[in-house]
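What follows is a short report on a single structure.
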Amino acid sequence: MRYWQDIETGETFNTPRLTVTKEDILEFAAEFDPQPYHLDTDAASASIFGGLCASGWQVTALMTRLLSETMQENNIATLGAAGVRKLRWKIPVFAGDELSATLEVTGSGPSQNPGMGELECHVVLSNQHSNPVIWTNITLLVQLRENQENTDEAPHGHE
Amino acid sequence: MRHLMVTSDVYIRSRWFEDIPVGEFHVFGSHTFSELEIVEFGKTYSPYVFHTDPVGALDTPHRGLVASGWHLTAMWMKMMVLYMERFADGVRDGRRNGAGMGIEELVWLRPVRPGHTITFTYDIIDKPDRIVRDRWGIIRSRNEAFNQYNELVMTFTIDILAERNPALLPQPAGSRG
Chain A
446 MRYWQDIETG
456 ETFNTPRLTV
466 TKEDILEFAA
476 EFDPQPYHLD
486 TDAASASIFG
496 GLCASGWQVT
506 ALMTRLLSET
516 MQENNIATLG
526 AAGVRKLRWK
536 IPVFAGDELS
546 ATLEVTGSGP
556 SQNPGMGELE
566 CHVVLSNQHS
576 NPVIWTNITL
586 LVQLRENQEN
596 TDEAPHGHE
Chain B
309 MRHLMVTSDV
319 YIRSRWFEDI
329 PVGEFHVFGS
339 HTFSELEIVE
349 FGKTYSPYVF
359 HTDPVGALDT
369 PHRGLVASGW
379 HLTAMWMKMM
389 VLYMERFADG
399 VRDGRRNGAG
409 MGIEELVWLR
419 PVRPGHTITF
429 TYDIIDKPDR
439 IVRDRWGIIR
449 SRNEAFNQYN
459 ELVMTFTIDI
469 LAERNPALLP
479 QPAGSRG
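Structural data, given as structure tokens:
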């Protein structure tokens with residue numbers, strides 16, 4: 446397992462691709478973002494986006510899925526995100542689009558959370574045409590190495 | 309049935325960019341997060357143990373199941389849409405709905421756990437002087453989310469497009485090329 450101390454500024458990670466289906470878009474929209482341009486093809490073509498597209502919050506969530514899977518596959522002790530300094534939705538995501546992300550570690554620092562450190566990361570989520578969909582600077586939380594023993598002992602403390 | 313088509317009189321209740329004042333403050337929604345929905349969102353979008361496994365999460369530094377931060381932002385959106393639908397009937401039509409451009413300074417300050425009730429507020433803080441794609445203006449809002457102890461759990465600033473009043477837009481000198 447690689448902990449916060451083990452990650453170098455400049456390290457880069459590339460995620461695999463995932464395909465966004467129309468069903469994915471409709472399902473998320475029905476639950477979280479029931480606006481016509483995410484739910485109805487006709488209404489969407491008359492909207493600012495010009496067609497049925499995924500909620501921007503679904504796109505950030507899909508970016509998170511790609512990143513969380515990739516970081517875990519690389520054995521990095523990731524503990525989620527602390528925040529987002531800046532994020533831009535550049536272009537819409539339409540049904541059938543394929544998304545993948547690159548993450549570059551740009552900085553490193555302490556965290557308010559016990560046992561965790563922060564990594565500043567620049568992430569670009571792109572579609573199958575290599576056009577940026579999301580451009581963001583995000584702060585990830587990574588477990589500190591010296592916390593590992595405490596964490597391993599925690600279950601015994603509960604017993 | 310073309311229920312999404314609305315007549316123009318419905319728009320009377322919608323507001324143009326020009327009608328939305330800086331300083332307007334709304335408490336626009338509240339939601340109690342269940343263990344089931346936290347786990348479902350986590351499995352789909354953020355498959356970490358501390359988002360998907362209530363028992364396994366105890367052995368992580370998070371010390372128990374926590375909602376994904378992106379689950380909070382998704383719920384923010386849901387609360388906002390439901391609120392806006394009550395505020396302005398034109399939201400259901402969609403032609404006048406703006407799009408989010410971007411966010412700044414998003415911070416997740418405290419964990420949201422099963423059973424926590426989160427209340428969302430927004431404060432219109434700025435209307436940058438720009439015209440986007442000929443007919444949209446930018447509404448900048450500061451958004452905060454509080455738990456049932458009135459502790460701040462999330463805050464961010466977002467720019468959202470709102471349609472400008474066509475009567476107040478500069479008229480082009482000739483036909484657009």
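Heads up: the sequence lines are chains A and B, in that order. Residues in the first sequence are numbered consecutively from 446, following my numbering. Residues in the second sequence are numbered consecutively from 309, following my numbering. Using N, Cα and C, we set each Cβ at its ideal position, and we do this for glycine too. Since the structure is predicted, the reported quantities are computational estimates derived from the model, not experimental observations.
At 8 Å on the CB atoms, spell out the chain A contacts of serine 354(B), in chain order.
Ala506, Thr509, Arg510, Ser513, Gly525
With a threshold of 16 other CB atoms inside 10 Å of the CB of arginine 441(B), please say whether the residue is buried or exposed.
exposed
Residues near serine 500(A) in its chain [Cβ-Cβ closer than 7 Å; skip 5 each side]
Phe473, Ala474, Phe477, Asp478, His483
Could you give the DSSP three-state label for isoleucine 521(A): helix, strand or coil?
strand
Expressed to the nearest angstrom, what Euclidean distance is found between the alpha-carbon atoms of valine 420(B) and glycine 496(A)?
35 Å
So leucine 463(A) packs on leucine 511(A), CB below 8 Å; how close in whole Å?
6 Å
My parser needs the alpha helix (DSSP H) runs of 4 or more residues fully inside the stretch 332-394 of chain B; what are they?
343-353, 357-360
Check whether the stretch 423-442 of chain B and the stretch 553-573 of chain A are in contact - that is, three or more C-beta pairs closer than 8 Å.
no
Considering only the alpha carbon of each residue, which of His567(A), Thr581(A), Glu543(A) lies closest to histidine 574(A)?
Glu543(A)
Using a Cβ-Cβ cut-off of 8 Å (strictly less than) and excluding sequence neighbours within five positions of proline 329(B), which residues of its own chain qualify?
Ile432
So, helix, strand or coil for serine 575(A), using DSSP?
coil
Coil, strand or helix - leucine 610(A) by DSSP
With chain A running from 446 to 604 in the structure shown, residue 610(A) is simply not present.
For proline 479(A), would you say it is in contact with chain E, using Cβ-to-Cβ distances shorter than 8 Å as the test?
Of the chains in the structure shown, none is chain E; the protein chains are A and B.
Return the chain-ordered list of same chain residues with a C-beta closer than 8 Å to the C-beta of proline 474(B), the five sequence neighbours on each side being excluded.
Arg443
Cα separation between serine 342(B) and leucine 373(B)?
11 Å
Residue span of the beta strand (DSSP E) that contains serine 449(B), given as start and end
444-454
Would you verify that the beta carbon of histidine 334(B) is, or is not, closer than 8 Å to some beta carbon of chain A?
no
Would a check of beta-carbon distances place asparagine 572(A) closer than 8 Å to chain B?
no
Could you tell me whether the Cβ of valine 529(A) comes closer than 8 Å to any Cβ of chain B?
yes
Only counting the same chain, and skipping five residues up and downstream in sequence, which positions put a Cβ closer than 6 Å to that of glycine 410(B)?
Asp467
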